[in-house]
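Going by our numbering, 57 is the number at position 56 of the sequence shown; the sequence numbering is gapless. Even for Gly, the Cβ is constructed at its ideal location relative to N, Cα and C.
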Amino acid sequence: MTSPWHHKPFTFRALAKTFGPMWLRCDVCRRYARFRMVDGLADIDYRTKTFSCSRCGAEAYMAVVEPIKETGMADYRLDELDNPQRHQAAADRLTGRHPRACVNLAAGELPGRKVDGRR
Ligand SMILES: [Zn+2]
């Protein structure tokens, strides 16, 4: 039996109504966590949101099938954190900062080379 569809399209609520439980997975760590509908997320357009891994900061992907039940993903492990925080690498990526790409050229001197102050 079906009931009238009264959910706003493209929201996390509509997604959860359609697919039921969902997961977020990191393909770098090969870990996943249950997707939790935290306060304020239900009416957000899921197309505007991205997720990242709280362990390594890589992009995380929503999954409608539990990763370990997918072919070739049997080694993924459920790894849920009580209070996951955004990884600094993800924050840097999202804000367009690339701290590792910032190389101090030290006025052209090679790294580790002693600069003779008398010159
Ligand atoms: Zn990761």
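Asked                                                                                      : Found
heavy atom of ligand 1 below 7 Å from ARG56 C-beta                                         : yes
Closest Cα partner of LYS50 within the set PRO68, LEU16, ARG78 and HIS8                    : LEU16
Where TYR33 falls: helix, strand or coil (DSSP)                                            : strand
For ALA64, the first and last residue of its enclosing beta strand (DSSP E)                : 60 to 64
Rounded Cβ spacing between TYR131 and ARG32 (contact assumed at less than 8 Å)             : Nothing can be reported for residue 131, as the shown portion of the chain is limited to 2 through 120.
Candidates VAL29, ASP46 and MET23: closest to ARG37 by CA position                         : MET23
Span of the alpha helix (DSSP H), counted from its first residue to its last, around LEU82 : Run containing LEU82: none; DSSP gives neither H nor E here.
Buried or exposed by the 16-neighbour rule on C-beta atoms within 10 Å, applied to ALA64   : buried
Strand pairing of SER53, partner residues [DSSP]                                           : GLU60
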